[in-house]
Amino acid sequence: MNFQKVKLGTGLYFVATPIGAARDITLRALDVLASADMIAAEDTRSLRRLMEIHGVPLEGRRILAYHDHSGAGARGKILDALKEGKSVAYASEAGMPLIADPGYDLGRQAAEAGQMVTCAPGPSAALMALTLAGLPTDAFFFAGFLPNASGARRTRIETLRDVPGTLVFYESPKRVASCLSDLAEVLGENRQAAMCRELTKKFEEVRRGSLAELAEELASQTVKGEIVLLVDRGASETVNDSDIEEALIRALETHSVRDAADLVSQMYKLPRRPIYQKALKLGKG
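See below:
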């Protein structure tokens with residue numbers, strides 16, 4: 001691929017890098033890497049290798065390490081460079097910066113300092129997985145990595161039960177089987193799901209099925225590579241007036257009108273006001 005050296009204005013340029021196949025880099029990303037006054041990266045070795053593959057020279061620039069453990073010191077050097085009027089390119093190890101990767105504090109502080117912040121967009125494992133999973137894409141929720149411990153993981157999953165969109169998680173191959181088991185237990189065994197592994201790489205794989213099916217498959221298998229898990233939204237229950245009226249009649253036997261309305265509205269996850277009006281009529285009757 002041919003890159004161009006261009007004059008970059010002062011500012012922070014987030015650069016998306018390939019999630020697997022090196023040729024997924026964009027021409028604009030190469031231009032920014034070739035032209036920035038300063039380069040920073042989550043993983044300096046992987047970015048240096050990527051630049052070598054595409055023939056982008058460093059020309060005396062060193063790549064500054066900026067990751068979860070480099071702290072405020074590295075961030076301060078980048079902010080100082082911006083104050084000096086320099087252009088700074090920052091790349092995470094793979095994919096779009098800040099998506100389950102470092103960079104949030106850097107971008108926020110640069111913007112608060114009045115610096116220009118922009119991005120050369122590119123590959124994203126979450127979005128590619130959504131494209132391949134065969135699940136609804138009209139709405140989705142990216143939940144990143146779930147907690148390692150099963151108890152904390154189930155608690156977190158419970159908070160996502162009623163999200164009205166496809167759930168997207170990143171997961172370790174060492175934990176994927178136990179994670180699927182917890183998802184099945186909390187969200188229901190029949191929820192449809194997909195496991196996307198090693199996207200854009202030689203052994204790319206997509207498995208589709210119910211949470212129970214995928215959990216059973218992976219319980220006896222060892223998998224490797226980067227994994228994205230996707231889970232369909234829960235099915236909406238059909239609630240008719242007779243269901244609501246019957247529930248209110250039962251609730252009114254032991255509760256006040258107000259409490260019965262609260263109870264039934266929470267039970268069916270419906271607005272309280274119309275249920276309260278119905279409870280008032282039933283209570284008078």
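Per UniProt numbering, numbering of the sequence shown is gapless, rising by one per residue and ending at 285.
Backbone N, C-alpha and C define an ideal beta-carbon position, used for all residues, glycine too.
{"query": "contact_flag[the region 101-115, the region 26-38] where n(CB pairs < 8 Å) is 3 or more", "result": "no"}
{"query": "Delimiting residues of the beta strand (DSSP E) encompassing G144", "result": "140-145"}
{"query": "Helix, strand or coil at R49 [DSSP, three-state]", "result": "helix"}
{"query": "Touching by the beta-carbon criterion (3+ pairs, under 8 Å), the region 109-127 and the region 34-42", "result": "no"}
{"query": "Sequence-distant residues of its chain with Cβ nearer than 7 Å to V56 (five each side left out)", "result": "F3, L30, L33, A34"}
{"query": "Between the CA atoms of G95 and M267 - distance to the nearest angstrom", "result": "41 Å"}
{"query": "Residues of its chain near Q109, where Cβ-Cβ distance is below 8 Å and the 5 sequence neighbours each way are ignored", "result": "R75, L79"}
{"query": "Candidates E93, M195, L130, of which the one nearest F14 by Cα", "result": "E93"}
{"query": "A260 CB to nearest heavy atom of the ligand GTP below 7 Å", "result": "For the structure depicted, the ligand GTP is absent and the ligand set is empty, with no information on it obtainable."}
{"query": "Where the alpha helix (DSSP H) through Q109 begins and ends", "result": "104-112"}
{"query": "Strand pairing of A41, partner residues [DSSP]", "result": "A65, A91"}
{"query": "Three-way DSSP call (helix, strand, coil) for S256 in this model", "result": "coil"}
{"query": "G71 versus T44 - alpha carbon distance", "result": "16 Å"}
{"query": "Within 8 Å, strictly: CB atoms of Q192 and S210", "result": "yes"}
{"query": "Pairwise C-alpha distance: E112 and G85", "result": "16 Å"}
{"query": "Pairwise C-alpha distance: R197 and E245", "result": "48 Å"}
{"query": "Cβ shell of M128 (< 6 Å), same chain only, five flanking positions each side left out", "result": "L199"}
{"query": "For S210, the residue or residues it bridges with in DSSP", "result": "Q192"}
{"query": "Burial state of V6, where buried means 16 or more other Cβ atoms lie within 10 Å", "result": "exposed"}
{"query": "The region 201-208 in contact with the region 250-268 per 3-pair CB rule at 8 Å", "result": "no"}
{"query": "Residue span of the alpha helix (DSSP H) that contains E171, given as start and end", "result": "No alpha helix (DSSP H) holds E171; the beta strand (DSSP E) holding it covers 166-171."}
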